[in-house]
Every structure is written in structure tokens, then in C-alpha cells.
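Peer 1: Residue numbers (the UniProt record's numbering): 1 to 243.
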């Protein structure tokens, strides 16, 4: 699928290195009864913030560039979901948009901490980064075709986020950043479960386009990730009852 290849080129690659204060990660259920709740208009959101303070004081230019990208990438996800909610009125889009707003806020806290100018503008669908602007336009065009296509766009965004985070994690041995990315990835996995469940309600079996089929099946067959276990460990690596 050419659109997917183009999308991967646009959202890939920046090794986000920095320290996190105010970690957010989205927790969204994957079970069909949650999907029914969204369609009935529940106002529930699933992000749970927690605070982590680490001791690195400086950022490289690569880290700064990564934070700037991540701030607008999270905005892209939020803006796509807000726009699709306006089109179709499905509660899942509004709920996950709220999660993405919290992710944006988490990145903003780092920009403010390090005195980096925020690239994000207030207007929905407007981006400083021209690549993200073009990607937003493309995703909205895809999602405008039908409600089913809109839900597929949501799943595609979350797949891409998972893949990107895996690659960024592989580029750093900084335990602080790895923890941040693993929690953000847990949120994306929950969102992917959610979109998959709603698509099933429409009689559609979603097929992964960015991550491998094996990885996708492992994520979908695992329970919703709710954050930290009772020993303070990230639940990112906990799947199917095992670490």
C-alpha cells in the first residue's frame, strides 16, 4: 500500500532522547463491550498520568529535534481523531483524542523544562512541520471516505506509533527514556486494541499494515495495559500473563 509506505517514511526515525516529567500513557480497553460503551456515548477517558523525575541536565540537538517532532506528532494523532469525531460522532475518536492531548501535554512539559520553543499551534489541522502537515491532510482524506476507513486510519496511526517507538527505544540505552517510550507504546497498544474492537463491531477484521502480523496478534490477544504493576514495574513487557 503506497500510502502506508509514504506514511512510514514521514513518521520514522527520530531518536527522541530526553527526560520525562509527567508521564502519560493512554489506557483504552480492547474488549467489544468497551466498544459498545464508546458508541453509546460514554465520556470515560483512559489515560493515567504519573510523574517521574530524572537527573540528566542537557539535551543534544538530536534530542531537541526529537521533542519538537514528538510534540507535533502527538498533535497529529489528536487532530485526526478530533476531526473524525466531528465527521462521524463515534465516541472512540473523542476519547482517544483526549488521551493524545495528555501525551501532547507530557511532551510540552519537557519543552518548557529545557526552554525549547513549542512548535505546536492551537488550530486543529495546522502544523509547523510541513511533513506532518502533508501527512495530516492525507490521513483525513483517507478517513473521509467512510466510517470504516476512519477507524482503519486510527488503527494505522497507532500501528505506526508502536513501530516508531520500538525503533527509537533501540537507539538509546538511557533507562529514563526507555521507560517513557515503553509507557507511550503501552498507550498506543491499548488504542490499537480499541480500534480493532470497534472495527470488529462493523464486521471488519483489521489487517496490520506497519507492524508484523505476529506482533499485531500478540498485542490484540493481550489484556489492556493499565500501567504499573504492584511492584512498580512498567506493564509494557507484560503480555498474556507473563513477563
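C-beta: ideal position from N, C-alpha, C; glycine also. Treat the numbers as computed from the prediction; the structure is a model and nothing was measured.
Hey, out of 116, 208 and 161, whose CA is closest to residue 63's CA?
Peer 2: As a position in the chain shown, residue 63 is number 63, starting the count at 1. For residue 63, the nearest C-alpha among the options comes from 116.
Peer 1: Which of helix, strand or coil does DSSP assign to residue 116?
Peer 2: Within the chain shown, the letter at position 116 stands for residue 116. Residue 116 falls in the coil class under three-state DSSP.
Peer 1: Report the start-end ranges of each beta strand (DSSP E) in the segment 76-141 that is 3 residues or longer and not cut off at the edges.
Peer 2: Whole beta strand (DSSP E) segments, 3+ residues: zero.
Peer 1: What three-state label does DSSP hand residue 206 in the structure shown?
Peer 2: One-based indexing of the chain shown puts residue 206 at position 206. Note: residue 206 maps to coil in three-state DSSP.
Peer 1: Can you tell which of 106, 93, 110 and 224 has its C-alpha closest to the C-alpha of residue 154?
Peer 2: Position 154 of the chain shown, counted from the first residue, corresponds to residue 154. Measuring from the Cα of residue 154, the nearest candidate turns out to be 93.
Peer 1: Count the other CB atoms, across all protein chains shown, that sit within 10 Å of the CB of residue 121; report buried if there are 16 or more and exposed otherwise.
Peer 2: In the chain shown, residue 121 corresponds to position 121, counting from 1. So residue 121 ends up on the exposed side.
Peer 1: Buried or exposed, going by whether 16 or more other CB atoms sit within 10 Å of the CB of residue 126?
Peer 2: Along the chain shown, one-based indexing puts residue 126 at 126. Exposed: under 16 other Cβ atoms inside 10 Å.
Peer 1: Helix or strand or just coil, what does DSSP make of residue 224?
Peer 2: On the chain shown, position 224 is the one that residue 224 refers to. Residue 224: coil per DSSP, three-state reduction.
Peer 1: Within the continuous alpha helix (DSSP H) that includes residue 156, where are the two ends?
Peer 2: Mapped onto the chain shown, residue 156 falls at position 156. Element bounds for residue 156: 147-170.
Peer 1: Since residue 100 and residue 81 should fall inside the 8 Å C-beta cutoff, what is the C-beta to C-beta distance between them, to a whole number of angstroms?
Peer 2: In the chain shown, residue 100 corresponds to position 100, counting from 1. In the chain shown, residue 81 corresponds to position 81, counting from 1. Indeed, because the Cβ distance is near 6 Å, the residues count as touching under 8 Å.
Peer 1: CB residue 244 to CB residue 163, shorter than 7 Å?
Peer 2: In the structure as shown, the chain begins at 1 and stops at 243. Residue 244 is therefore absent and cannot be evaluated.
Peer 1: Is there at least one non-hydrogen atom of the ligand FAD closer than 6 Å to the beta-carbon of residue 68?
Peer 2: In the structure on display, the ligand FAD does not appear, and there are no ligands present to speak of.
Peer 1: Rounded to the nearest angstrom, what separates residue 88 and residue 96 at their Cα positions?
Peer 2: Locating residue 88 in the chain shown gives position 88, where the first residue counts as 1. Locating residue 96 in the chain shown gives position 96, where the first residue counts as 1. If I take the Cα positions, the gap works out to 14 Å.
Peer 1: Straight-line CA distance for residue 166 to residue 157?
Peer 2: Position 166 of the chain shown, counted from the start, is the residue given in the question as residue 166. Position 157 of the chain shown, counted from the start, is the residue given in the question as residue 157. The alpha-carbon atoms of residue 166 and residue 157 are separated by roughly 14 Å.
Peer 1: Return the residue from the list 207, 70 and 225 that minimises the CA-CA distance to residue 161.
Peer 2: Working through the chain shown from its first residue, we reach residue 161 at position 161. Of the candidates 207, 70 and 225, the one whose C-alpha sits nearest the C-alpha of residue 161 is 70.
Peer 1: What is the DSSP secondary structure of residue 247, reduced to helix, strand or coil?
Peer 2: This structure gives no information on residue 247, because the portion of the chain shown stretches from 1 to 243.
Peer 1: Would residue 50 be called buried (16 or more neighbouring beta carbons within 10 Å of its own) or exposed?
Peer 2: Within the chain shown, numbered from 1, the residue matching residue 50 stands at position 50. For residue 50, the predicted structure reports a pLDDT of 32, less than 50, and the residue's modelled location is therefore unreliable. A value from the coordinates is still provided. Looking at its Cβ environment, which holds fewer than 16 other Cβ atoms inside 10 Å, residue 50 is exposed.
Peer 1: Are there 16 or more other CB atoms within 10 angstroms of the CB of residue 201, so buried, or fewer, so exposed?
Peer 2: One-based indexing of the chain shown puts residue 201 at position 201. Answer is exposed; the Cβ neighbour count stays below 16.
Peer 1: Spatial neighbours of residue 143 within its chain, please: C-beta separation below 6 Å, excluding the five flanking residues on both sides.
Peer 2: For the purposes of this step, residue 143 is identified with residue 143 of the chain shown, where counting begins at 1. Same-chain partners within the cutoff: 84, 149, 150 and 153.
Peer 1: Taking residue 105 as the reference, which of 224, 90 and 72 has the closest Cα?
Peer 2: Position 105 of the chain shown holds residue 105. Comparing Cα positions, the closest option is 72.
Peer 1: If we call anything under 7 Å between Cβ atoms a contact, is residue 192 one with residue 114?
Peer 2: Counting from 1 along the chain shown, the entry for residue 192 is found at position 192. Counting from 1 along the chain shown, the entry for residue 114 is found at position 114. Not in contact: residue 192 and residue 114 (Cβ atoms no closer than 7 Å).
Peer 1: Looking at C-alpha atoms only, which residue of 108, 171, 90 and 74 is the closest neighbour of residue 132?
Peer 2: Residue mapping note: residue 132 aligns to position 132 of the chain shown, counting from 1. Sorting 108, 171, 90 and 74 by C-alpha distance to the C-alpha of residue 132 places 74 at the top.
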